[in-house]
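Notes follow the structure.
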Amino acid sequence: MFSPYLQSLLFVLLATCLKSTAEVSSKLAGLSSHGEPFMYILFNPWCVLALIALVLQAASWTAALRNCPVSIAYPMMSLSLVIGMSASYFLFGEEFSLLEIIGTICILVGVVAISYPRPNGESS
0 MFSPYLQSLL FVLLATCLKS TAEVSSKLAG LSSHGEPFMY ILFNPWCVLA LIALVLQAAS
60 WTAALRNCPV SIAYPMMSLS LVIGMSASYF LFGEEFSLLE IIGTICILVG VVAISYPRPN
120 GESS
């Protein structure tokens with residue numbers, strides 16, 4: 000259906016989304032814990048979702064690295080920062096400074112730059 004390289008890129012995207020899911024779920028677990036002891040937080044449904052997302056993220060990341068160079072895959076994981084910031088803005092009403100917005104744009108430009116096909120003969 001898809002080439003092995005494209006499959007790997009899709010696994011990177013899945014791993015990135017799962018990492019972001021874990022981060023947002025952790026925030027929700029913290030917000031809903033209301034000073035409960037640590038052991039109770041572990042069984043908070045949001046914390047359980049975060050742990051499940053992290054396990055699935057690790058499996059997706061492993062699958063991604065089968066056919067995708069780490070030099071391409073790892074920088075793409077930084078998109079989880081962009082997704083997390085977007086989620087925190089829309090879900091939690093968090094605001095960001097101009098420098099944080101510029102940094103986010105730099106991350107996006109960097110991911111596009113490393114994802115762009117290299118000319119023939121250029122190594123990674």
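0 is the number of the first residue of the sequence shown in numbering that gives the first Met the number 0; add one for each residue after it. Even for Gly, the Cβ is constructed at its ideal location relative to N, Cα and C.
Contacts around residue i, its chain only, beta-carbon distance under 8 Å, and the 5 residues preceding and following it disregarded
i: residue 74; result: 109, 110 and 113
i: residue 32; result: 39, 40 and 43
Through-space distance from residue j to residue i, alpha-carbon basis
i: residue 52; j: residue 21; result: 5 Å
i: residue 70; j: residue 95; result: 29 Å
i: residue 63; j: residue 24; result: 23 Å
i: residue 13; j: residue 106; result: 18 Å
i: residue 86; j: residue 0; result: 32 Å
i: residue 81; j: residue 88; result: 11 Å
i: residue 42; j: residue 34; result: 14 Å
i: residue 54; j: residue 37; result: 21 Å
i: residue 30; j: residue 115; result: 39 Å
For residue i, the three-state DSSP class (helix, strand or coil)
i: residue 44; result: helix
i: residue 76; result: coil
i: residue 0; result: coil
i: residue 34; result: coil
i: residue 105; result: helix
i: residue 115; result: coil
i: residue 16; result: helix
i: residue 27; result: helix
i: residue 55; result: helix
i: residue 9; result: helix
i: residue 50; result: helix
Residue span of the alpha helix (DSSP H) that contains residue i, given as start and end
i: residue 94; result: Element bounds for residue 94: n/a, residue is neither H nor E.
Expected contact under 8 Å - CB spacing of residue i and residue j to nearest Å
i: residue 56; j: residue 90; result: Going by Cβ atoms, the distance from residue 56 to residue 90 rounds to 19 Å, so no, they are not a contact pair.
i: residue 2; j: residue 65; result: In fact, because the Cβ distance is near 12 Å, the residues do not count as touching under 8 Å.
i: residue 40; j: residue 28; result: 6 Å
Neighbourhood of residue i by C-beta, 7 Å cutoff - its chain only, sequence neighbours within 5 removed
i: residue 10; result: 59, 62 and 63
6 Å CB neighbourhood of residue i in its chain, flanking five on each side removed
i: residue 83; result: 19 and 22
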